[in-house]
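If you read the sequences in order, they're chains A and B. Numbering that gives the first Met the number 0 numbers the first residue of the first sequence as 0 and each following residue consecutively. Numbering that gives the first Met the number 0 numbers the first residue of the second sequence as 0 and each following residue consecutively. Using N, Cα and C, we set each Cβ at its ideal position, and we do this for glycine too. It should be emphasised that the depicted structure is a prediction, and the values quoted were computed from it without experimental measurement. Have a look at the structure below before the remarks.
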Amino acid sequence: MAAADNTSAALRRRDLCSRGIRLAGKMRSDVVDLLDTYVEQQGLDASASVAAVEGVPAAAVERWDEQTGTQRLLENLAAYRAFRALLAQMLEEQQEQLGEADAALGRALAAVLLQVSAFTYHLEELLRLESRGPPSEEGAEPPPAPHLSLFERKLRGLGVLRELAQWAVRSTRDLRQLAKPSPGSSSAASLAESP
Amino acid sequence: MWKNSSLRCLFAIAILCLRSLIYGQEIGSLGHPQNLKCVTHNLRKMICTWDVSSKGRHGQTDILCFKTKEKRVEIPVPESSSMMTITTNSISGTAFVTKEFEIHKKDISFVPLAPRILSLTPDFSTSTLNLKWSDNGSVFLYGLDAFWQIQILRKEVTYYSKLTHEDIILSWNWTSDMPLECTSHYVKIRCYINVTQFVGPKDWSDWSPVEEVPGKDTEPNGSGVFPQDTVVAVGSDVTICCVHAKGQQIQRMTYGREIYPMIRLSSRSSAIRVLNASASDTSGTNVVCRLSEDDMDGTVLFVGYAPDTPQNLSCETSNFLKIKCTWKPGRPSGLYGKRRTKYSLFERISGKNVSCEVNEMNRERVCGFPVLADQKTYDFVLGVSNPIGQAESLLLLDLTQRVHPKAPEKLAVSGKSSTSVRLHWFLNGSFAEIRLLCQIEVSHGHSEQRLHNVSMPGGEFSTYTAQLNALHAYTKYQFRVRCSAADHFWRWSDWSRIEEHTTLEAPPARGPDIWREKSPSGKSLKIFWKPLSLSEANGKIVSHEVSCYLLETPLEYKEVTEPSNSTEIKLGKRDCVISVVAKNHAGSSPPSRITSVELPSDNVKTDRAVAMGNGIYISWSSYPNMTCGYIVKWCHSSGSEPCSVDWQKFPSNTTDAVIKSALFRPGVRYNFSLYGCKSSGYQLLKNITGYMKELPPKRAPNFTVEETSSDSILVKWEDIPIEDCQGFLEGYRLSFAKGEKDALKPTLSESGNPELKVKNITDLTKKSLKILDLQGKTSYQLDLQAYTAGGLSPPNSLYVVTKEDCKIKETFYPEIPNPENSKALQFQKNICEGNKTLKTLEMNPCTPNSVEVVETRSAAPKIEDTEMMSPAADTTVPEDGSDSETENHVVVSYCPPIIEEEISNPPMDEPVGSSQVVYIDIQSMYQPQIKPEEEPEIDLVTTAGYKPQMQLPVSALKIESCSPAEEELDKTTGYRPQANTNTWNMDTPDSPGSAESNNENASFGSPCSINSRQFLLPPKDDEDSPKPSNVGWSFTHFFQNKPND
């Protein structure tokens, strides 16, 4: 019975991972397109370097291959929750600054926000497959945005989208890693194990 | 006490002064008080200062009653000029020196006290400084004009005010053309008071202490690009600065994509100046201050336009609940989002104001305003503003004159009548205060719409009703409604949706139009009726009742169901009155009556009608005794079906008519019968025949050559069947000219032949014609055409060769050898010697051969060998034969046919070229007939008698065979060169020289088909002609040795 449950959970997790990989791929593609639109519409230099966005864990991480599955999922979740809040903020600012003037950018932003929300939910589902479940969002809200000039907000938006593009790549890799069956152990156990 | 004694002293001085003025003044000397100067700051007291010599420095000075240890004293300003005595005492009190000064009013200076700045407040968002100071007006006894001079960094400004004997805080704003953050700004102020009645010199006060608004570059951590997120008008000059940390260097500053030169403001601040700024993109123009590759700062500048004045402001209500105002915004501001142009609608009478939520991207803006109770007149101010400016538009209106209802809803049609309906609809609005005008559009089928206007009192969200009368029975109508205000029309509502309704049936409005025809025996009568129009039928006609009455006594009754439109009744020997009644579900029509009596007529003529293109015009004389009009009857015949009778009735005063029918076709003959109507019956008056439109005859008459001589041809033709005439035949046209048969030739009339002669035969009874004055032994083309008013038929053509004068032939063209072994060449010896009747000389079964010429060279220009042309012709005995072709050409044929060659750019030194000639067994390759049009490039020479082989076309040929199908070739007259020097190579197995083929061909006497125009059988006397056995003969050679040359 327990073996059957394990198998079912493994299948479910594999299914979630593969769908998550597809979602991340699509998200990456859409974010790259959105970045082009954003840079052009905001009159920015595509090569401009932007400081790291506060509140978003960096996609680049040392000793990535040593991370446990749970760690990966938790980091992903934290990042996408932050992106969800930041993109919502960007959408609001977009509306405030441009009104109906550039509806296409607004629509593209909303679409990516939707994907980020879906991916966040996806990650939560994966964590639920673990016995621990996703961490509460209470208290995990990103700090209220500091008062920024419009130019700073433009750059911040650029930073958010760039980081999101990076994260989409990393998430794909994380999910691929998670989807791999752990040799010599049940796949259900492979999430939480290891150093 | 002191004060009182002072006053006394002043009084004494005054007395002294007066005296002093009478007796003169004393001049100071060394050690004495000197250089007395008096200055007043408030016009009440003055401060006088003086110098003394060093000796008296330590003493005490008495100025009249004032004692001072200083060299200044503040004393009241004298009313007029006065004397002042300054006594300098020693410290012990001993008078040291006394000096008198005469003080004139004009010597007293007025210098206001330096103003004191109360506050200097910067507004960074607008780069404005606000300066506040007190005018110290209370120190003056009366109002004065004051001027204030303010210095800001590099600017100097003069400010004017009035002093009103009170201390007033003055305020002055100054907007910098540079953001205040860019660098520190300093302000100081001084004043000048214009006391007109003060005669002394007046001067500016001292400057106040400097106040400072520190720039960001003075703050230890101050940095940024300024102004931050500002909106400016298009065309503005803008200064933008970048403040950075100490030690940093600005690499460049860009405005949009453009790098601007920097103006150094301080060690930590630099600026750029953008002149005549142009409109920004929707997200603003970025100004970037690049400090290093990784570090930059920036700001966003929004450059746009002040709002345009709203245009075409218009307000209306659809329901008296809400007023909808619309306008056009004019030029876009180029500012969006929070900086967008905002609109508000202010109504002046009520004082009510609403802000308008408008979509920036819409061309037309809309704003709603509530209808206010008991207010008819509205005075609107549409206010429009954005960060750059504002504008407004005004509109005064009476709301009852601006009613634009919404489309009526819930339209319904009811009614159980054949002629009327009731319409109901709902209007969403409160129209109790006005009358409504509604328009009902009625349409049916494809008829044009009719509009009915209905005026009615308005109601509160009510249903309205209208009745429509005078409708047609059994008609499907479409209704729709729209409404407006009745008394003050403004705009129609949109139309409601369409509602359909069919009225009930009613009895047919009239009896059908009827006619009758007696059978030839007179024993039966066929009755015809025309269907009633929809508007007359009033429903679906189900049957017709046909009765036959004799003096009110019914003899016969029939009910004929639809769709029959005729019936037959037996009359016996009696006539009767026929009554026809149309019936539908609602009832019967009034009866239509007609008598069966046919009055005898004699001498009935047949006239012609006139084709009108769209109808047939017929006319007749007036017949006074035809009291009840005329009937024109005709019959339409379509294919195998019996013709359908049609008729048209005319009143008795009519004598002509154009008969039209959709069934009439051009070129078809119609026969009409005109009947007159008398009370006793109908009488046939005349027959008329005619066409709606005459067309040219379909074809020409068949014609034949009856007889020919050396100078004449007799032709004979047949009639054309009437159905082929397509009009009234007016005559024949016979055209003739010299010419031989040529498939490519146009008809004679189109050829433009200058020798063309035309005979016009208008006597239609004439069926033959003899053409005279022709040349002997000449081929003529004859074209015969018939014509109607519609034009000429296509021609029938005939080629005839006139006979020749035999003497000429014998003298100049002796008989040519007759290859006895060729059946095809069994000509009659001489036409002159033979049968007198004309014979068509056609080749009897021609044994063909086939030559395929495969050209590998590119096509070369065609060469017409005119050298070979000769008018000379030998006599050829024609062979009897019948005309097997429609063109009836008369030819003398010779077989094998001439194979015309193509000369492909013949190189003179390369006679063989690369032409490949394939000989096909001429016996076995009898090819099936091919249509002449499939070989259009074969130039056919169709003449009678012996002809030299000239006029050979040099078109490209792929000659498959000498097949019987190539009749055109077969019919080629006489004797033609059959040579191809290319193929005379005896080495070629397939060449005519090869044993087999040669043997086979021997029966013809010469090769049948070759690719050349060289004579194989040269003319009899042509001794020098090249022989076929001349192996290696070249084309060049041929030309070079041509004997006729």
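Rounded to whole angstroms, Lys-405 of chain B and Ser-332 of chain B show a C-alpha spacing of 33 Å. Look at Asp-35 of chain A: its C-beta is not under 8 Å from any C-beta on chain B. In terms of Cα proximity to Leu-140 of chain B, the closest of B:Ser-265, B:His-164, B:Phe-430 is B:His-164.
Residues of chain A with a Cβ closer than 7 Å to the Cβ of Gly-297 of chain B are, in chain order, Phe-150.
The C-alpha of Asn-34 of chain B lies about 16 Å from the C-alpha of Met-45 of chain B. A direct Cα-to-Cα measurement between Gly-689 of chain B and Lys-604 of chain B gives close to 14 Å. Counting along the chain, the unbroken alpha helix (DSSP H) around Arg-80 of chain A starts and ends at 68 to 97. Nearest in C-alpha terms to Asn-135 of chain B, of all of B:Phe-123, B:Pro-200, B:Asn-41, is B:Asn-41. Counting only residues of its own chain and dropping the five nearest sequence neighbours on each side, His-103 of chain B has a CB closer than 8 Å to the CB of Ser-80.
With respect to the 8 Å criterion, Val-799 of chain B and Thr-707 of chain B are classified as neighbours on the basis of their beta carbons. Under the 8 Å Cβ criterion, the region 646 to 658 of chain B counts as touching the region 609 to 617 of chain B, having at least three qualifying pairs.
In this structure, DSSP gives Ala-699 of chain B a state outside helix and strand, which the three-state scheme calls coil. At a Cβ-Cβ threshold of 8 Å, Ser-588 of chain B and Arg-509 of chain B count as neighbours.
Lys-517 of chain B and Ser-523 of chain B have their C-alpha atoms roughly 6 Å apart. Residues of the region 35 to 47 of chain B with a C-beta less than 8 Å from any C-beta of chain A: none at all. Residue-level contact check: Thr-281 of chain B touches chain A, since one or more beta carbons of chain A fall below 8 Å from its beta carbon.
Look at Lys-337 of chain B: its C-beta is under 8 Å from a C-beta on chain A. Collapsing the DSSP output to three states places Trp-489 of chain B in coil. Between the region 367 to 387 of chain B and the region 285 to 300 of chain B there are fewer than three C-beta pairs closer than 8 Å, too few to call the two in contact.
The beta carbon of Gly-255 of chain B sits closer than 8 Å to some beta carbon of chain A.
Sorting B:Asn-193, B:Pro-114, B:Ser-563 by C-alpha distance to the C-alpha of Val-186 of chain B places B:Pro-114 at the top. Check the Cα spacing between Ser-269 of chain B and each of B:Asp-296, B:Asn-275, B:Glu-558: the tightest is with B:Asp-296. In terms of beta-carbon proximity, Thr-284 of chain B lines the interface with chain A, with at least one pair separated by less than 8 Å.
When the beta-carbon positions are compared, Arg-401 of chain B and Cys-482 of chain B stay at least 8 Å from each other. For the region 217 to 228 of chain B, the set of residues with a beta-carbon nearer than 9 Å to any beta-carbon of chain A comprises Gly-223, Val-224, Gln-227, Asp-228, in chain order. For Leu-683 of chain B, the uninterrupted beta strand (DSSP E) segment begins and ends at 680 to 690. Per DSSP, the unbroken alpha helix (DSSP H) holding Ile-721 of chain B starts and ends at 721 to 724. DSSP, read as helix, strand or coil, puts Cys-642 of chain B in coil. Not flagged as an interface residue toward chain A: Asp-307 of chain B, since no C-beta distance is shorter than 8 Å.
Residue-level contact by beta carbon holds for Gly-42 of chain A and chain B, with a gap shorter than 8 Å. Contact note: Asp-293 of chain B reaches chain A through Ser-48, using a C-beta cutoff of 7 Å and chain order. A residue is called buried when at least 16 other Cβ atoms come within 10 angstroms of its Cβ; Tyr-159 of chain B does not meet this threshold and is exposed.
Annotation: the continuous alpha helix (DSSP H) that includes Glu-535 of chain B extends over 533 to 536. The region 457 to 475 of chain B and the region 421 to 434 of chain B touch, with three or more beta-carbon pairs separated by less than 8 Å.
Straight-line measurement puts the Cα of Trp-166 of chain A at about 15 Å from the Cα of Cys-16 of chain A.
Between Gly-336 of chain B and Gln-96 of chain A, the CB-CB gap stays under 8 Å.
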